[in-house]
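To convert, note that position 259 of the sequence shown is 258 in numbering that gives the first Met the number 0; the numbers rise steadily by one, no gaps. Ideal Cβ positions, reconstructed from N, Cα and C, are used throughout, including at glycine.
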Amino acid sequence: MSQVANPDSHMMTAANTNGAATAVDTHANGNGNGYSNGHSNGHHSFENEKSSLPHQAPLYNGGGAGKQLSRTLTPGGHFADDDLIAIANNHRRIANPLPLGVFGFSTTTLLLSLYNIQIQGIAIPNAVIGFALSYGGLAQFLAGLWEFASGNTFGATVFCSFGMFWWGYSVILIPFFGFMGTYNGQPGIYAKGSPYAAEAESAIGLYLWIWFGITTIYLIASLRGSVSLFVLIFLLWVTFIMLGAHAYTGIKALQTAGGAFGIATGFAGYYLGIASFLSPYNSFFTLPVIPLGKKD
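Here it is in structure tokens:
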């Protein structure tokens, strides 16, 4: 409900969100500006029961111009404007965190997958640590936190989970933590030709199989999302199968296959990220993601 405050009056009645009116002692000047010095004193009848704007804040006469100025009150009880952008309870839009999270994941996955197919003879994947700690780890984890703030449970869970995956994988590779060296009895030193190399590889394989199980849950949950999202998670699911099997068996063809599926996963992620990044506001074209959920 809304009321028009007369410049000569010191009282106006405004409706709150619970249907109760609040009497406010307002000292208004001729320009419609003023300050309030009152509080709710119980339920009062509305002076304008036929108002079509149930969340409209008080209207003010625009001085001598005779125009009415208004401020809209949201269902949460806050003014819907940008005057006090630094105030915490002001309603603000949160930017879409999906492109950041997907780009971070896809870039790190693509780089590691190129190492898995041993492009240009590269067999040691430790150079991926920089991406795994920053873009794939930190950036993706932060994107997950912003998905929490946006109310997207699926996106928040997936991004935070895989951000932690890359951090965990980095701990395995970084010599400082001595994870691989413990299988040789020499912290910080690991060689595939050592007597305990098979045990170390099996430990990594188990790590990958655990993430295969987690990804299976995400794959099921993505069935009502979009084709692009489902394809991305499905390719990642297959990648974990291949790499986990390679770690257990040592069959090089499985590592190469895992690298190939990982590369496909990276590009599928780029497509989803670009599709989410482009909009009619910043691009002359958009990319379809083909929703799978029920349409209204």
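Sub-9 Å separation of residue i and residue j beta-carbons
{"i": "Ala246", "j": "Ile203", "result": "yes"}
{"i": "Thr108", "j": "Leu235", "result": "yes"}
{"i": "Leu291", "j": "Gly224", "result": "yes"}
{"i": "Ala126", "j": "Leu110", "result": "yes"}
{"i": "Thr156", "j": "Gly143", "result": "yes"}
{"i": "Gly154", "j": "Pro98", "result": "no"}
{"i": "Ser112", "j": "Thr215", "result": "no"}
{"i": "Leu218", "j": "Leu242", "result": "no"}
{"i": "Glu298", "j": "Phe158", "result": "The question about residue 298 has no answer here: the residues shown for the chain are numbered 0 through 295."}
Buried versus exposed call for residue i [16 or more other C-beta atoms within 10 Å across all chains shown]
{"i": "Ser105", "result": "buried"}
{"i": "Leu205", "result": "exposed"}
{"i": "Tyr280", "result": "exposed"}
{"i": "Ile262", "result": "buried"}
{"i": "Thr238", "result": "buried"}
{"i": "Ser227", "result": "buried"}
{"i": "Ser278", "result": "exposed"}
{"i": "Ala94", "result": "exposed"}
{"i": "Leu222", "result": "exposed"}
{"i": "Ser282", "result": "exposed"}
{"i": "Asp295", "result": "Annotation note: pLDDT 46 at Asp295 (below 50); position unreliable, no value reported."}
{"i": "Gln119", "result": "exposed"}
{"i": "Ala252", "result": "exposed"}
{"i": "Gly258", "result": "buried"}
{"i": "Ala148", "result": "exposed"}
{"i": "Gly167", "result": "exposed"}
{"i": "Phe175", "result": "exposed"}
{"i": "Glu232", "result": "According to the sequence displayed, residue 232 carries Ile and not Glu. The residue in question, Ile232, is buried, as its Cβ has 16 or more Cβ neighbours within 10 Å."}
{"i": "Ile240", "result": "buried"}
{"i": "Lys49", "result": "Caution applies to Lys49, whose pLDDT of 40 falls short of 50 and renders its modelled position unreliable; the value that the coordinates give is listed next. Exposed is the call here."}
DSSP beta-bridge partners of residue i
{"i": "Ser225", "result": "Pro290"}
Proximal residues to residue i (C-beta, below 8 Å), its chain only, five neighbours per side dropped
{"i": "Phe161", "result": "Phe104, Gly135, Gln139"}
{"i": "Ala122", "result": "Tyr114"}
{"i": "Gly249", "result": "Ala197, Glu200"}
{"i": "Ala284", "result": "A quick correction: the sequence has Phe, not Ala, at residue 284. Leu277, listed in sequence order."}
{"i": "Gly128", "result": "Just to set this straight, residue 128 is Ile in the shown sequence, not Gly. These residues qualify, in order along the chain: Ser169, Leu172, Ile173."}
{"i": "Ile289", "result": "Ser225, Val226, Ser227"}
{"i": "Phe211", "result": "Trp236, Phe239, Ile240, Gly243"}
{"i": "Ala220", "result": "Phe153"}
{"i": "Pro124", "result": "Leu111, Tyr114, Asn115, Leu172"}
{"i": "Ala274", "result": "Ser227, Thr285, Leu286, Pro287, Val288"}
Contacting residues, own chain, Cβ-Cβ under 6 Å from residue i (five flanking each side not counted)
{"i": "Val101", "result": "Gly268, Leu271, Gly272"}
{"i": "Ser44", "result": "Reliability of the predicted coordinates at Ser44 is poor, the pLDDT of 42 falling under 50, and the value obtained from them is presented with this limitation in mind. No residues qualify anywhere along the chain."}
{"i": "Ala244", "result": "Leu253"}
{"i": "Ile116", "result": "Thr255, Gly258"}
Cutoff 7 Å; reference residue i; Cβ partners in own chain excluding five residues on either side
{"i": "Phe130", "result": "Thr106, Thr107, Leu110"}
{"i": "Val230", "result": "Ala267"}
{"i": "Phe260", "result": "Leu234, Val237, Thr238, Met241"}
- Could you give the uninterrupted runs of the alpha helix (DSSP H) lying entirely in the stretch 204-292, keeping only those of 4 residues or more? 226-248, 251-276
- Task: Write down every uninterrupted run of the alpha helix (DSSP H) in the stretch 108-183 whose length is 4 residues or greater and which is fully enclosed by it, in chain order.
- Result: 128-132, 139-149, 152-172
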